[in-house]
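Student: Can you keep this structure in mind? I'll have questions shortly.
Written as structure tokens, this is what we have:
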């Protein structure tokens with residue numbers, strides 16, 4: 001995975017080894033394309049827009065199913081994407097249930113039955129009170145769509161709020177022919193074990209995912225924030241939340257290295273990150289802190305977005321290690 005100038009979109013989509021490309025741009029449209037490997041995400045980047053590019057070691061085939069599911073695959077990995085209109089399914093819970101049921105039925109049909117990583121982007125993620133909050137409703141729908149699943153096999157995931165006012169749930173994923181190894185963070189309660197205070201349905205994801213032995217995939221890091229145990233820390237201090245987030249990322253890398261000692265202990269040239277910041281006015285402050293936390297060879301993008309708890313101000317996901 002890497003980042004690229006949007007002007008390169010036609011050349012990237014002409015490359016038979018490109019598995020997927022993402023354009024981040026709210027308001028003004030990102031570069032247009034009807035290629036099924038391209039998805040425009042309505043999150044506003046800080047600074048000049050960049051494309052996120054997934055490259056494959058094998059030749060890629062792609063298409064769009066009759067039900068609207070976009071896909072690309074290379075014989076070992078599958079990218080898939082759905083964009084579900086909430087209004088057609090009675091709201092965010094119904095849209096989430098429909099999208100997860102649809103993607104789960106597509107995986108065996110395409111021959112990639114093992115989910116490794118999922119991204120979920122929805123508008124106004126923390127709108128609503130109590131159990132009517134949209135993120136809590138999304139979690140209910142996701143669980144219904146997943147059905148009776150062993151929580152020890154859940155994929156890594158991110159759920160982030162767009163600020164574009166468009167009530168379309170965007171779900172995209174990476175699946176494989178061989179199962180990966182879900183990882184948990186020793187500093188945190190597993191998300192699927194969260195207590196009732198966070199909603200009637202606990203979130204359904206693992207903290208990170210290692211691909212099957214022999215894969216060239218990096219460590220896949222879920223959306224990670226300033227949560228220790230199950231509680232948010234430093235709710236009014238973005239920089240302290242950022243420090244806690246990096247402590248959690250370090251713990252995840254340590255857990256992964258216990259299984260894969262060759263994985264670098266620190267972020268470096270093989271790391272790519274997305275940083276989601278709730279308050280746009282704080283982005284310059286966050287960027288200054290990132291420059292202290294990360295060596296210059298780490299590529300990252302900063303996106304203005306809402307995190308899934310009202311007291312969370314920043315979240316980071318990404319990949320680490322070749």
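In the UniProt record's numbering, the protein residues as written are 1 to 322.
Where is the CB? At the ideal position from N, CA and C, for every residue including glycine.
Can you tell me the Cβ-Cβ gap for residue 263 and residue 220, rounded? I've got them flagged as a contact below 8 Å.
Tutor: The count along the chain shown starts at 1 and reaches residue 263 at position 263. The count along the chain shown starts at 1 and reaches residue 220 at position 220. The Cβ separation is near 12 Å, so there is no contact.
Student: Could you work out which residue in 88, 226, 159, 64 is closest to residue 238 when comparing CA atoms only?
Tutor: Walking along the chain shown from the start, residue 238 turns up at place 238. Answer by Cα proximity: 226.
Student: Which first and last residues belong to the alpha helix (DSSP H) in which residue 131 is found?
Tutor: On the chain shown, position 131 is the one that residue 131 refers to. First-last for residue 131: undefined, no H or E at that position.
Student: Ignoring anything shorter than 4 residues or poking outside the stretch 7–55, list the alpha helix (DSSP H) runs there in chain order.
Tutor: List check, alpha helix (DSSP H) in window: 9–13.
Student: Buried or exposed for residue 17, please, with buried defined as at least 16 other CB atoms from any protein chain shown within 10 angstroms of its CB.
Tutor: Counting from 1 along the chain shown, the entry for residue 17 is found at position 17. When all chains shown are included, residue 17 counts as exposed.
Student: Taking the Cβ atom as the reference point for each residue, do residue 207 and residue 242 lie within a distance shorter than 8 Å?
Tutor: Residue 207 sits at position 207 when you count from the first residue of the chain shown. Residue 242 sits at position 242 when you count from the first residue of the chain shown. For residue 207 and residue 242, no; Cβs fall outside 8 Å.
Student: Taking only three categories from DSSP, how would you classify residue 319?
Tutor: As a first step, residue 319 must be located in the chain shown, where it is residue number 319. Three-state result, residue 319: strand.
Student: Within the stretch 275–304, note down every full beta strand (DSSP E) run reaching 3 residues or more, in order along the chain.
Tutor: If we require 3 residues or more, the beta strand (DSSP E) runs fully inside the stretch 275–304 come out as 299–304.
Student: My output table needs one value for residue 174: the three-state DSSP class, helix, strand or coil.
Tutor: Working through the chain shown from its first residue, we reach residue 174 at position 174. Residue state, collapsed to three classes: strand.
Student: Alpha carbons only, please: which of 278, 142, 113, 56 is nearest the one belonging to residue 216?
Tutor: In the chain shown, the residue the question calls residue 216 occupies position 216. The residue with the shortest Cα to Cα distance from residue 216 is 56.
Student: Who does residue 182 pair with in a DSSP beta bridge?
Tutor: In the chain shown, the residue the question calls residue 182 occupies position 182. According to DSSP, residue 182 bridges with 209.
Student: Quick check: what's the CA-CA separation for residue 260 versus residue 125?
Tutor: To locate residue 260, count along the chain shown from 1; it is residue 260. To locate residue 125, count along the chain shown from 1; it is residue 125. Computed Cα separation, rounded: 35 Å.
Student: Here's the rule: buried if 16 or more other CB atoms are within 10 angstroms of the residue's CB, otherwise exposed. What is residue 7?
Tutor: Position 7 of the chain shown holds residue 7. When all chains shown are included, residue 7 counts as exposed.
Student: Taking a contact to mean a Cβ-Cβ separation below 8 Å, would you say residue 232 touches residue 312 in this structure?
Tutor: Residue numbering aside, residue 232 sits at position 232 when the chain shown is read from its first letter. Residue numbering aside, residue 312 sits at position 312 when the chain shown is read from its first letter. It is a contact, given that the beta carbons lie within the stated cut-off.
Student: Helix, strand or coil: which one does DSSP assign to residue 112?
Tutor: As a working mapping, residue 112 is identified with position 112 in the chain shown. Residue 112 falls in the coil class under three-state DSSP.
Student: Could you check what DSSP says for residue 123 in three-state terms: helix, strand or coil?
Tutor: Looking up residue 123 in the chain shown gives position 123. Strand at residue 123.
Student: Would you give the residue range spanned by the beta strand (DSSP E) that residue 241 belongs to?
Tutor: Residue 241 sits at position 241 when you count from the first residue of the chain shown. Counting along the chain, residue 241 falls outside any beta strand (DSSP E), though it belongs to the alpha helix (DSSP H) covering 238–259.
Student: Are there 16 or more other CB atoms within 10 angstroms of the CB of residue 108, so buried, or fewer, so exposed?
Tutor: The residue labelled residue 108 in the question sits at position 108 within the chain shown. Residue 108 is exposed by the Cβ-count criterion.
Student: Could you tell me the alpha carbon to alpha carbon distance between residue 177 and residue 103, rounded to whole angstroms?
Tutor: For the purposes of this step, residue 177 is taken as residue 177 along the chain shown, with counting starting at 1. For the purposes of this step, residue 103 is taken as residue 103 along the chain shown, with counting starting at 1. Cα to Cα, the separation comes out at about 15 Å.
Student: Compute the distance between the beta-carbons of residue 319 and residue 276, then report whether it is under 8 Å.
Tutor: For the purposes of this step, residue 319 is taken as residue 319 along the chain shown, with counting starting at 1. For the purposes of this step, residue 276 is taken as residue 276 along the chain shown, with counting starting at 1. For residue 319 and residue 276, no; Cβs fall outside 8 Å.
Student: DSSP on residue 158, reduced to helix/strand/coil?
Tutor: Within the chain shown, the letter at position 158 stands for residue 158. Residue state, collapsed to three classes: strand.
Student: Assess contact between the stretch 139–146 and the stretch 292–305, defined as three or more Cβ pairs (one per stretch) separated by less than 8 Å. Is contact present?
Tutor: Flag = no, the stretch 139–146 and the stretch 292–305 do not touch.
Student: Determine the DSSP secondary structure at residue 139, reduced to helix, strand or coil.
Tutor: The residue labelled residue 139 in the question sits at position 139 within the chain shown. Looking at residue 139 - three-state DSSP - the assignment turns out to be helix.
Student: In this structure, how does DSSP classify residue 57 when only helix, strand and coil are distinguished?
Tutor: The residue given as residue 57 occupies position 57 in the chain shown. In this structure, residue 57 counts as coil in the three-state DSSP scheme.
Student: Taking 8 Å as the cut-off, decide whether the C-beta atoms of residue 298 and residue 268 are in contact.
Tutor: The residue you call residue 298 lines up with position 298 of the chain shown. The residue you call residue 268 lines up with position 268 of the chain shown. Yes, these two residues count as a Cβ contact at 8 Å.
Student: Closest to residue 197 by CA distance: which of 61, 230, 94 is it?
Tutor: As a working mapping, residue 197 is identified with position 197 in the chain shown. Nearest of 61, 230, 94 to residue 197, Cα basis: 230.
Student: Straight-line CA distance for residue 77 to residue 174?
Tutor: Taking the first residue of the chain shown as 1, we reach residue 77 at position 77. Taking the first residue of the chain shown as 1, we reach residue 174 at position 174. C-alpha separation (whole angstroms): 7 Å.
Student: In three-state terms, what does DSSP make of residue 270?
Tutor: Locating residue 270 in the chain shown gives position 270, counting from the first residue. Residue state, collapsed to three classes: coil.
Student: Short check: CB of residue 272 to CB of residue 2, under 8 Å?
Tutor: One-based indexing of the chain shown puts residue 272 at position 272. One-based indexing of the chain shown puts residue 2 at position 2. Against a cut-off of 8 Å, the Cβ pair of residue 2 and residue 272 comes out as a contact.
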